[in-house]
DNA sequence: GATGAATGAGCCTTCATTCAT
DNA sequence: CATGAATGAAGGCTCATTCAT
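Protein chains in written order, with my numbering: chain A, 46 to 247; chain B, 46 to 247; chain C, 46 to 247; chain D, 46 to 247.
Structure representation (structure tokens):
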């Protein structure tokens with residue numbers, strides 16, 4: 046039943062998707078929907094939660110390093126691959142979390158922001174690992190700057206997910222997309238960890 | 046009058062913002078709104094157009110290089126400064142273009158996509174300049190990869206705009222945010238132009 | 046200006062014809078309309094009155110017999126010719142009086158009923174003349190029956206007016222239509238004046 | 046529920062009758078009306094159809110002659126009795142079909158015209174029977190003239206229906222009204238079938 | 001005097017939500 | 001338990017009507 050709701054919300058938005066249509070698409074009757082979830086609000090929240098959890102779980106699984114053997118960039122790349130693979134496989138869920146949840150009221154937006162924060166924290170953690178591996182001082186980067194970098198990375202990834210999912214003859218694979226993003230950002234990350242910064246030409 | 050509409054749409058979304066509320070917020074009566082713009086659709090489109098144009102104009106002005114003296118990275122940084130300054134100064138307009146327009150119907154989404162494409166093209170142009178300045182072969186980067194990089198950059202910028210606008214004690218200045226983003230991405234760009242790539246560790 | 050109003054009301058009905066459209070069709074601005082006639086109600090009433098008066102005048106002129114020389118049937122025929130000629134020449138006015146005025150509220154309907162009554166009275170008068178000419182007793186026909194006959198004649202005439210105005214290759218002339226109606230009704234009238242009645246076969 | 050709609054439309058016209066009022070008069074809520082009939086248009090059409098069908102059925106039943114024993118004038122009289130009885134019993138339905146349907150838009154007018162045509166055809170058929178019974182040649186009357194006579198009869202009947210329904214101390218019975226109409230028209234019909242015509246006095 | 005600009009009121013329609021079955 | 005039937009509340013849009021210019 047949530048599947049139908051997710052598809053409906055993704056396709057038409059929270060307001061434009063009607064409970065009638067969702068119930069019909071789910072093949073059940075409207076009062077049944079209200080028995081499981083008290084209101085449209087709750088239904089939407091449930092959708093967001095389910096899709097968020099699935100996405101975060103996929104990315105987390107991708108970045109995992111059970112044996113402690115992988116370098117940070119490899120783990121980041123794995124996580125990105127998982128991210129792009131998941132968003133490609135679940136476009137409706139991705140649309141709900143990434144687009145719809147952010148546009149309809151504070152409370153939903155908070156849910157979406159939490160996802161972002163969670164993924165950003167994953168990235169932050171990996172940067173910390175990279176820093177340790179590179180032997181940097183813990184305070185080479187200000188906390189705020191790390192936060193900014195993480196958000197930049199997340200945003201770039203989100204944008205590339207949409208770009209990769211756009212209809213095309215040969216859509217790029219998750220690994221290609223992830224490689225593009227690593228090329229885009231990793232050199233800068235390494236530079237920063239080494240203390241080398243870009244500054245505007247004089 | 047558009048101001049009120051932009052604020053309403055930004056705050057509540059296209060569907061949830063009611064014409065009554067918009068008119069009241071504008072200090073006029075509903076029929077007057079309909080005299081200027083024939084329908085809610087048209088009103089929303091007008092909002093998108095106005096805010097899009099303002100944003101694109103700001104960024105374009107930032108990247109301009111009348112005397113042909115500036116290096117590409119400086120121009121990009123200027124553009125980013127302009128972008129972050131504009132989104133910080135017009136958060137509602139930014140929300141309309143970046144969030145609302147993309148979630149309610151194909152036709153609005155096309156308007157929003159056009160903005161993205163326009164900015165991505167600006168960035169692409171700057172990459173071309175950078176490539177020329179660095180004496181690279183024209184085909185050092187595949188067209189698709191350039192497109193991906195541009196979208197990654199735009200996405201990172203969008204994400205940082207939201208991040209920078211989030212309520213905080215000392216919000217970062219546009220220049221700080223732009224510097225963070227340059228640090229994030231410019232090293233990778235330069236590497237790519239030099240033919241150096243990131244590849245997953247074996 | 047009334048012309049435009051009559052056409053508008055005839056074409057779209059009292060409610061559906063908008064003051065904007067009428068004013069535009071008349072080539073003047075709306076406030077000017079309100080200066081001449083205080084409200085839409087008054088405008089409609091004015092239309093009804095003008096068209097009614099024209100129609101009644103035409104028919105009355107037709108039935109007139111200045112020299113007292115014409116027999117009643119001839120005068121009736123003349124009146125019918127005038128009637129069909131007028132309705133054919135002023136279809137919009139006819140539509141306003143005959144159709145629109147009767148469908149929108151009591152007060153307008155009364156105006157329309159007055160026209161009917163006036164014409165019915167004309168007919169009644171002619172029947173009286175015919176009776177006198179035929180040497181009948183004044184009370185050969187009950188008053189109520191005369192009224193019924195007059196309304197039947199008026200209704201038949203109204204119906205034939207619509208029938209004659211319907212789009213056709215060779216629309217019948219007013220004289221043909223009038224002849225059809227005389228054939229239809231005059232024999233019965235004469236019979237009645239002579240005291241001969243139709244009765245259901247046993 | 047249609048009853049309330051018919052009454053509302055009859056009293057105020059299609060445009061002026063509001064769905065709120067109709068729903069309230071029906072003792073139900075507005076959305077319920079929309080569950081049964083998709084729009085005001087459809088509701089009005091349904092009213093027209095129902096009332097038309099009832100009227101036509103009543104008249105057709107009246108003119109029927111199962112055993113083939115009745116003369117044409119008797120059948121016509123029976124039909125007229127049925128007609129006047131029905132219009133007297135269902136004044137609102139009669140108003141909808143006869144007045145309102147003809148004044149609001151082509152599509153409704155077509156429905157009303159179809160009813161008229163159907164009744165006119167009934168009458169035409171009876172004239173044919175009368176002609177056969179009287180031993181007339183089939184072409185004694187031109188087709189157009191027959192059509193005109195039928196419309197005249199229908200119009201006279203419609204007019205008398207309104208006349209008979211007008212508020213009065215002793216309203217005439219359907220049989221009286223039908224007799225008045227037969228007196229009005231049948232002698233002329235017979236004359237025409239015999240080839241005798243009214244012509245304007247020289 | 002004539003008009004562009006403005007509005008209060010109302011109508012058709014829809015939707016999230018709940019009972020009675 | 002699951003559902004068809006029903007509704008209160010609102011939203012987009014239009015129109016007759018009036019001022020300030």
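Note that the Cβ used here is the ideal one computed from N, Cα and C, for glycine as well. Predicted model, so just to flag it, every value in this text is computed and none were measured.
Problem - residue 118 of chain C burial status per 10 Å Cβ neighbour count (16 or more: buried) - result: buried
Problem - Where residue 135 of chain A falls: helix, strand or coil (DSSP) - result: coil
Exercise for the section: Find the residues of chain D that neighbour residue 231 of chain C, judging by a C-beta separation of less than 7 Å, and give them in chain order. Expected result: 233 and 243
Exercise for the section: Tell me whether the beta-carbon of residue 64 of chain D lies closer than 9 Å to the beta-carbon of residue 100 of chain D. Expected result: no
Practice task
Give a yes or no on whether 9 Å exceeds the smallest Cβ distance from residue 148 of chain C to chain D.
Solution key: yes
Problem - N-terminal and C-terminal residue of the alpha helix (DSSP H) that residue 75 of chain A is part of - result: 75-81
Handout entry: 8 Å Cβ cut-off: residues of chain D touching residue 225 of chain C
Key = 190, 193, 194 and 197
Handout entry: Helix, strand or coil at residue 181 of chain A [DSSP, three-state]
Key = coil
Practice task
Check the Cβ of residue 58 of chain C against every Cβ in chain D and list those closer than 7 Å, keeping chain order.
Solution key: 60, 148 and 149
Handout entry: Outcome for residue 145 of chain B when other beta-carbon atoms lying within 10 angstroms are tallied against a minimum of 16
Key = buried
Exercise for the section: For residue 193 of chain D, count neighbouring Cβ atoms within 10 angstroms of its own Cβ and tell me buried if that reaches 16, exposed if not. Expected result: Label assigned to residue 193 of chain D: buried.
Problem - Stretch-stretch touch, CB-based, cutoff 8 Å, three pairs: the region 152-165 of chain B with the region 61-75 of chain C - result: No contact exists between the region 152-165 of chain B and the region 61-75 of chain C.
Problem - For residue 197 of chain C, the nearest candidate out of C:226, C:221, C:208 and C:175 (CA to CA) - result: C:226
Practice task
Answer yes or no: do residue 95 of chain B and residue 167 of chain B have a C-beta to C-beta separation smaller than 9 Å?
Solution key: Between residue 95 of chain B and residue 167 of chain B, the CB-CB gap reaches or exceeds 9 Å.
Handout entry: Closer than 9 Å at the beta carbon, the chain B residues around residue 118 of chain A
Key = 243, 245 and 246
Practice task
With DSSP as the reference, label residue 59 of chain A as helix, strand or coil.
Solution key: coil
Practice task
Please say whether residue 77 of chain B and residue 68 of chain B have beta carbons closer to each other than 9 Å?
Solution key: yes
Practice task
Establish whether the CB of residue 207 of chain C and some CB of chain D are separated by less than 9 Å.
Solution key: yes
Exercise for the section: Only counting runs of 4 or more residues, tell me where the alpha helix (DSSP H) segments fall wholly within the region 101-182 of chain B, in order along the chain. Expected result: 117-134, 136-143 and 151-178
Problem - residue 133 of chain D beta carbon less than 9 Å from that of residue 56 of chain D - result: no
Practice task
Return no unless some Cβ of chain C is closer than 9 Å to the Cβ of residue 228 of chain D.
Solution key: Contact with chain C is found for residue 228 of chain D, since one of that chain's Cβ atoms lies less than 9 Å from the residue's Cβ.
Handout entry: Three-state class that DSSP yields for residue 188 of chain A in the structure shown
Key = helix
Exercise for the section: Tell me, please, whether the CB atom of residue 204 of chain C is closer than 9 Å to any CB atom in chain D? Expected result: Closer than 9 Å to some Cβ of chain D, the Cβ of residue 204 of chain C qualifies, so yes.
Problem - Coil, strand or helix - residue 204 of chain D by DSSP - result: helix
Problem - Beta-carbon gap between residue 224 of chain B and residue 243 of chain A smaller than 9 Å - result: yes
Problem - Limits of the alpha helix (DSSP H) - the one that residue 244 of chain B falls within - result: Segment: none, residue 244 of chain B is in no alpha helix (DSSP H) and carries neither H nor E.
Practice task
Please say whether residue 185 of chain B and residue 240 of chain B have beta carbons closer to each other than 9 Å?
Solution key: In this structure, the beta-carbon distance from residue 240 of chain B to residue 185 of chain B falls below 9 Å.
Practice task
Assign residue 52 of chain A to buried or exposed, taking buried as 16 or more other Cβ atoms, counted over all protein chains shown, within 10 Å of its Cβ.
Solution key: buried
Practice task
Going by CA-CA distance only, name the one from A:234, A:236 and A:205 that's closest to residue 221 of chain A.
Solution key: A:205
Practice task
Over the uninterrupted alpha helix (DSSP H) stretch that includes residue 221 of chain D, give me the two end residues.
Solution key: 219-238
Problem - Whole-Å CB distance - residue 104 of chain B paired with residue 127 of chain B, under 8 Å assumed - result: 5 Å
Handout entry: Of the residues C:216, C:195, C:85 and C:189, the one placed nearest residue 213 of chain D, counting alpha carbons only
Key = For the residues C:216, C:195, C:85 and C:189, the minimum Cα distance to residue 213 of chain D belongs to C:189.
Practice task
Step through the CB atoms of chain A and report whether any lies within less than 9 Å of the CB of residue 185 of chain B.
Solution key: No Cβ of chain A is located within less than 9 Å of the beta carbon of residue 185 of chain B.
Practice task
Output, in chain order, the set of chain A residues within a Cβ distance shorter than 7 Å of residue 114 of chain B.
Solution key: Ordered by position in chain A, no residue passes the 7 Å Cβ test against residue 114 of chain B, which lies about 10 Å from the chain.
Handout entry: Terminal residues of the alpha helix (DSSP H) in which residue 69 of chain D lies
Key = Per DSSP, residue 69 of chain D belongs to the alpha helix (DSSP H) from 64-71.
Exercise for the section: Using the Cα positions of residue 49 of chain C and residue 66 of chain C, report the straight-line distance between them to the nearest angstrom. Expected result: Their backbone Cα atoms lie some 9 Å apart in a straight line.
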